[in-house]
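One structure is given below, encoded as structure tokens.
4 protein chains.
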Amino acid sequence: MATAANSVPHPTIVSIDPFVLATEQKGLHNRWHPDIPAYATVKPGQVFKLQCIDWTGAQIGNNDSSDDIKDVDLTKIHNLSGPIAVEGAEPGDCLVVDILDVTPFEKMPWGYTGIFELENGGGLFAREFQSRAAKAIWDFHGVYASSRHIPGVRFAGVSHPGLIGTAPSAELLATWTKRETELVDQHPGAVPAKALLPIEKGAYVGQDLPEDLRAKIYKEGARTIPGREHGGNCDIKNLSKGSRCYFPVYIKGANLSVGDLHFSQGDGEMTFCGAIEMAGIITLQTSIIRGGVEKFALKQPIFLPSPVDPLYSAKLVFEGISVDLHGDGKQYDMDATVAYKQAALNCITYLMKLGYTREQAYLLLSAAPVESHVGAIVDSPNACVTLALPLGIFENDILPREEGLVKRDFGQCAIRSDGVL
Amino acid sequence: MATAANSVPHPTIVSIDPFVLATEQKGLHNRWHPDIPAYATVKPGQVFKLQCIDWTGAQIGNNDSSDDIKDVDLTKIHNLSGPIAVEGAEPGDCLVVDILDVTPFEKMPWGYTGIFELENGGGLFAREFQSRAAKAIWDFHGVYASSRHIPGVRFAGVSHPGLIGTAPSAELLATWTKRETELVDQHPGAVPAKALLPIEKGAYVGQDLPEDLRAKIYKEGARTIPGREHGGNCDIKNLSKGSRCYFPVYIKGANLSVGDLHFSQGDGEMTFCGAIEMAGIITLQTSIIRGGVEKFALKQPIFLPSPVDPLYSAKLVFEGISVDLHGDGKQYDMDATVAYKQAALNCITYLMKLGYTREQAYLLLSAAPVESHVGAIVDSPNACVTLALPLGIFENDILPREEGLVKRDFGQCAIRSDGVL
Amino acid sequence: MATAANSVPHPTIVSIDPFVLATEQKGLHNRWHPDIPAYATVKPGQVFKLQCIDWTGAQIGNNDSSDDIKDVDLTKIHNLSGPIAVEGAEPGDCLVVDILDVTPFEKMPWGYTGIFELENGGGLFAREFQSRAAKAIWDFHGVYASSRHIPGVRFAGVSHPGLIGTAPSAELLATWTKRETELVDQHPGAVPAKALLPIEKGAYVGQDLPEDLRAKIYKEGARTIPGREHGGNCDIKNLSKGSRCYFPVYIKGANLSVGDLHFSQGDGEMTFCGAIEMAGIITLQTSIIRGGVEKFALKQPIFLPSPVDPLYSAKLVFEGISVDLHGDGKQYDMDATVAYKQAALNCITYLMKLGYTREQAYLLLSAAPVESHVGAIVDSPNACVTLALPLGIFENDILPREEGLVKRDFGQCAIRSDGVL
Amino acid sequence: MATAANSVPHPTIVSIDPFVLATEQKGLHNRWHPDIPAYATVKPGQVFKLQCIDWTGAQIGNNDSSDDIKDVDLTKIHNLSGPIAVEGAEPGDCLVVDILDVTPFEKMPWGYTGIFELENGGGLFAREFQSRAAKAIWDFHGVYASSRHIPGVRFAGVSHPGLIGTAPSAELLATWTKRETELVDQHPGAVPAKALLPIEKGAYVGQDLPEDLRAKIYKEGARTIPGREHGGNCDIKNLSKGSRCYFPVYIKGANLSVGDLHFSQGDGEMTFCGAIEMAGIITLQTSIIRGGVEKFALKQPIFLPSPVDPLYSAKLVFEGISVDLHGDGKQYDMDATVAYKQAALNCITYLMKLGYTREQAYLLLSAAPVESHVGAIVDSPNACVTLALPLGIFENDILPREEGLVKRDFGQCAIRSDGVL
Ligand SMILES: [Zn+2]
Ligand SMILES: [Zn+2]
Ligand SMILES: [Zn+2]
Ligand SMILES: [Zn+2]
Ligand SMILES: [Zn+2]
Ligand SMILES: [Zn+2]
Ligand SMILES: [Zn+2]
Ligand SMILES: [Zn+2]
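Residue numbers (our numbering), protein chains in the order written: chain P, 1 to 421; chain V, 1001 to 1421; chain U, 2001 to 2421; chain G, 3001 to 3421.
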């Protein structure tokens, strides 16, 4: 018969408490550095679990005010679980990582999407909207999320780690710092800064370390905001549970770290804190392909997406070109970022016709499984990008019909306690 | 019983010969201008067909040399079928267009994809590759395309009009000219030019016109390369047969024009002449939504994609960030275009490991149903874009496996008769 | 440039006129017999087209009366195009057939679905409904079909040959006749007959033949209604354009025949003449796998379905078990046919709540891309079968909602001129 | 910040221990009867969890012998969690049930598929194969299952409750007993019996009950093997997590019961214990539609399938007709069950060419997400049913190729300790 003896659960390699600040917990770190020791070592083939704190390290609460979003300390964010060394991995190998599952904690069935202010994090439209802090809390009901702050929608999650990557070598780290410093130097005084450079303030490695090593890591460690050659904070929604990813290995053991779990996200992750951010548990399995970097010409990770991503086949698609049609009408030169923004603004305007506030629409497109395709990127001077809104996530019919759109009252998302919007 | 009498075929409103140069044919035009008279008028609800010449106007042949690509006269391209007026359409209305079918001519079961040289058209990697003219001829076998110039692949077409749009008003036309002129002025001497401004040379309207009107149109008419507010050359692969598109109407009758039919295309249309370009027949049906521009906040077209696009669920995905990893390593600032290029280069390099030449890989990614998603566009300074290669289009297994990739000999695509590559 | 000289259309091997009765045309036949000579021979790899008359051989008209359905001569049906010999095919080989395209004639953009009376053909519910002849004419608008006889729906076609197969050997033919005769003998006087046995009346081979050969074929030739080991009238909607099928070869040349083209069909093809029947053109390509019957253990065809079948992901699913809940409540023993019928009846009843007549609902489920799955077939005594109605084919929302279903007036389908229903 | 106080987990209404025999636990029952009291009551809208024991009630172990399968006591099976009353539900209402999630216990990451012997349970091919007990243990790795007993495959689960339904009224229960008794009476001495009638032996209700009530329930309670009007053991794989089901309500409170959780299952559930059977947790939410039985003409449940079912678009499809081609060649009359069996046997034979044993193939088709469609059910005398094998679940290419199939050694599944097969 079935017994506990013949039922072996998958081991948890990193355990955290999602209700305790990251900086008080073991097995977390928030910088990239080759000298951060492996927190644990796994064998190829072994299935294991890592518990992950949410990307802010528990700074955000399940409530109806966005003050916590306004006050997030961004020097402390992206507390990753790991590093996890894989036995036998060597530089030049390819580390194959099966992302077997990504789930919230049973005791914490909620997540959030936030709009950050221009001065603290920003977001795609921080300048255009002069965004003030706002947020939506999402309740998790099994495979679905819905929000009291954005009524009228419910969708299945395409759950994934926003951030997963191998540790950089010293050379790679130096390259990152050099090129990002150059960018910052080209834009003195930019708000927000064009890149966040290494800074000791807020740095954290939840391990016992010699002080000089700790100081070195804190001083040199790369910040975690951008995705880079090793993966990192790529925020690719389709690198979801069920996918298999191939990472370059830069140091002995590979030293994989992961965090920033998302219950769901739209292509683009518009608001910056745009996914449904959550604390949770990721289940992984690894293997090593000797010399895989050369075998597969890996300059960056490649992956096989999951067979279980949500399928919403009916969509309404918005086009965008690289002309600032929602702003001053300026013509840009084959700029896919501008084109993406126009498609998004076209969609936001449409959602506002349905009764959503601008903030609700902005949050919704960040969090729901919208798809954004690069349409064409060669028809000078206009790149064309599309954004596809899945119809099946709405309770009501939102199609463009003869009689126009029905405007409903959906209230407002969570805003600042001082009422400033 | 079934009789010819009770079987009424859908009428063909524009008839062309795909083997005759565009400039010798009626019902075609290659500039956008509000004063081009409607070539024909249809009633809302009527199903009708337009025959379309290929985008070069028959300049390209089914042969094994790319000399014709090298010598394309780009002042004469994008010969559109129309304009077709829709009875009752007024400025501010929304013109609903059902793209019911897009097929090649039965007598011309082939198309082509071309790489243009930097000095004549260019393409996404024209500078990086210092591209010389090259091409692939694709044979159409029912729903599939395959090419003697790119062996080892076969795929179902996601057939669509690369170019479809309503006529601009005089005001809109003036706006286009102004903004594009400003861009050109900011980049004097750029090769290729940042935008193609109105030019009389090569202009064509295949109708009897008063000479002064013809002169006005030729002088002022907008060039057709970029997509704009009215649709135009958006080259969106999913605006395919079976989709329904909602266009803003700018002038009485709407004056719809369409051309540049594609048997297939990948997201991005990389090589510029990157789709499988074909002559063919498009079947349309229209309706009008009074005041639709206001009702749906239409600054650009929106559409419902088709239920019959090819479904290749298994994919290999390549990531790209806005760092020029394949070039000088420069850090760009949240530039999705750079990120797209990196993802594409990662994929091209992978395909070369399989034995394809760089030119074959470049052509294949342009023509096959690859999907490119904007992953994240908020993680400063790195935009992240993905490019997904459908595994089902390959005859052989191309997965990254322990033993590495099998390199096969696929020959080469069509190149210049002087052998320059 | 593009020229007629470098554009070679795929050859048409069988040409027919869809407006002329089958029995006046060449290249058609309506019996299975090994001695029917090949009408033409193709080489492996060659792409070719066969024109096909509709399954009744032009007996049905595009009008608003079902009298023609009532009077169909079923001894003359299933006039197939062929046989086509494939050079080199030998018994025991596997004939690989790529179904590259299936389209209606441009000059005949319509098809029909019919309900046959119990005494002439019958249908799944012929007895339960005491069906009188009825029909729906479907208009083809590119990839879509819609019907003036069943308003409120429009769907993309999953176009396929209802009937395709290789010629039987003499032994196989004898087996068929023997086993079907035994079945008929077990049910003397059944209406409709349990199987249609060989009969000279109505037999047809549109070739010049020696009289004794013709007589032999007419006397012995198997009727075409059921699918059998060689394929035949399987009416599998997913054996659609874009699919690849592997047939057993029984005689030298394989002698492939095809007909009974369907623009669309639901799983089950409920009304018997349940697909959208059409005349049209099929494009094929073949290859031979030597000894494939043994290599793949082929007792019947196997196939790879198409990547371009319509994708309607949102569905409403009806369950059925092997108890006659819509009739006398009888308990059947693990009978999937009964279970399928119950699921279908549950769906028909639901559609009637929306305002469709029973005949319209019956025709719609036969013709639209509904999916029927065998749920479970082991839970004695109840087989469970499901039938899934795609929501995207309806103009209006048909979901079960709090407020109940909205009943609309959809008129009625075409019925008999004497008004009998 | 995130706190336990603002994080409210969904309540667990039925708690069980998967390692303790069902008959020692509360909140379980294994008969259908209107008088079984509700074990708990929920409000409409409330999200709640039910823990479920596996269908045998912990009789099967994670080991390499099938002796436990051989010895299962079938009088004790299908121990359901519940009944759960829903506040306000009345006969004639429709109970809407959202199946929000279905997961295994974290401490029991495995399940099993079993072949039962003819004398104890049987299965689709119990007679044809003269099956001896066999089983496969499946390990759960996040969204995937794989088995040491069936190497070479891995697939994502389409997880669902095999059994879910509302309680019957006394009248409905009487109807069931009457019709099933009649069937048994028509087949005296059948092995296995045509239906399992009420029997006191093995009956169980895990609640404190008055003895006379318990006796009544045990004596009259319907067995749980077949699905019926109320749902029950329908074993529909697509009634999976993320689906919404509409049940008829027969008694006050509706009294919903659920169990027999499946990690995955193929259409048909061939071996009888054919799914990947597991203990686990189901998350539900309900609502009530007043008078829904009449509103939606509900004779049986209807449902909206989930957007997160696994998508394996590439398939190899096997056909089957109602002729016993794998047996004595007998012609059946439009029998979809026979047709399903032939398709399944064709597929099993194919899998054996790849090296799987008959038992492995039989188990695999039962457990993997194979799709079985009713092709056509009107072409007398042959029903046609297809079975589609997803290619993406295999580690290696299994396509029919020129060179034939590669036969590998996959060992054998778990068999009886006496070695009898
Ligand atoms: Zn992130
Ligand atoms: Zn995040
Ligand atoms: Zn174009
Ligand atoms: Zn083009
Ligand atoms: Zn048929
Ligand atoms: Zn037919
Ligand atoms: Zn079950
Ligand atoms: Zn079960």
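Yeah, the Cβ is synthetic: ideal placement off N, Cα and C, and Gly gets one too.
Here residue 225(P) carries a coil assignment [DSSP, helix/strand/coil]. Runs of the beta strand (DSSP E) lying entirely within the segment 1331-1360 of chain V and spanning at least 3 residues: none are present. Residues of the same chain with a CB within less than 6 Å of the CB of residue 3229(G), apart from the 5 flanking positions on each side, are 3300 in chain order.
At a cut-off of 8 Å between beta carbons, residue 3312(G) contacts chain V. For residue 397(P), the residues of chain U that pass the 8 Å Cβ criterion are 2397, in the order they occur in the chain. The Cβ of residue 299(P) sits closer than 8 Å to at least one Cβ of chain V. Distance between residue 162(P) and residue 12(P), taken at the CA atoms: about 20 Å.
Residue 2387(U) and residue 2363(U) have their alpha carbons spaced roughly 15 Å apart. For residue 162(P), the shortest C-beta to heavy atom distance toward ligand 2 is below 7 Å. Per DSSP, reduced to three states, the secondary structure at residue 379(P) is coil, with no helix or strand assignment. For residue 3170(G), the enclosing alpha helix (DSSP H) stretches over residues 3170-3186. The three-state secondary structure of residue 3129(G), taken from DSSP, is helix. By the CB criterion at 8 Å, residue 2149(U) and residue 2414(U) fall inside the cutoff. If you check each beta-carbon in the segment 1279-1306 of chain V against every beta-carbon of chain P, the ones closer than 9 Å belong to 1287, 1289, 1290, 1291, 1292, 1294, 1295, 1296, 1297, 1298, 1299, 1300, 1301, 1302, 1303, 1304, 1305. Excluding sequence positions up to five before and after residue 2243(U), its CB lies within less than 7 Å of the CB of 2099, 2303, 2304, 2305, 2306, all in the same chain and listed in chain order. Excluding residues up to 5 positions away in sequence, 318, 365, 387, 389 lie with their Cβ nearer than 7 Å to the Cβ of residue 347(P) in the same chain. Identification of chain V residues near residue 3242(G) by a Cβ-Cβ cut-off of 9 Å yields none; the smallest Cβ-Cβ distance measures about 18 Å. Look at residue 1069(V) here: in three-state DSSP terms it is helix. Boundaries of the alpha helix (DSSP H) around residue 2213(U): 2211-2220.
The segment 3282-3297 of chain G makes no contact with the segment 2267-2276 of chain U, as fewer than three CB pairs between them are under 8 Å.
Closer than 7 Å to some heavy atom of ligand 6: that does not describe the Cβ of residue 2138(U).
Residue 93(P) sits buried, since 16 or more C-beta atoms from the chains shown fall within 10 Å of its C-beta. Distance check between residue 1376(V) and each of 1322(V), 1391(V), 1331(V) places 1322(V) closest, using alpha-carbon atoms only. Annotation: the continuous beta strand (DSSP E) that includes residue 319(P) extends over 315-321. The criterion of a C-beta distance shorter than 8 Å is satisfied by residue 2221(U) and residue 2031(U). A distance criterion of 7 Å places the beta-carbon of residue 1110(V) beyond contact range of ligand 7, judged by its closest non-hydrogen atom. Residue 2052(U) is bridged by DSSP to 2280(U).
In summary, residue 2127(U) is exposed, with fewer than 16 beta-carbon neighbours lying within 10 Å of its beta-carbon over all protein chains present.
A residue is called buried when at least 16 other Cβ atoms come within 10 angstroms of its Cβ; residue 3042(G) meets this threshold and is buried.
Taken through DSSP and simplified to helix, strand or coil, residue 295(P) comes out as helix.
Distances from the CB of residue 1055(V) to the heavy atoms of ligand 4 include at least one below 7 Å. In the three-state DSSP reduction, residue 274(P) falls in the strand class (E or B).
Judged by DSSP secondary structure, residue 3155(G) falls within the beta strand (DSSP E) whose first and last residues are 3150-3156.
Beta-bridge pairing by DSSP links residue 240(P) to no other residue. The segment 60-67 of chain P makes contact with the segment 129-144 of chain P: 3 or more CB pairs, one atom from each, lie closer than 8 Å. Distances from the CB of residue 68(P) to the heavy atoms of ligand 2 are all 7 Å or more.
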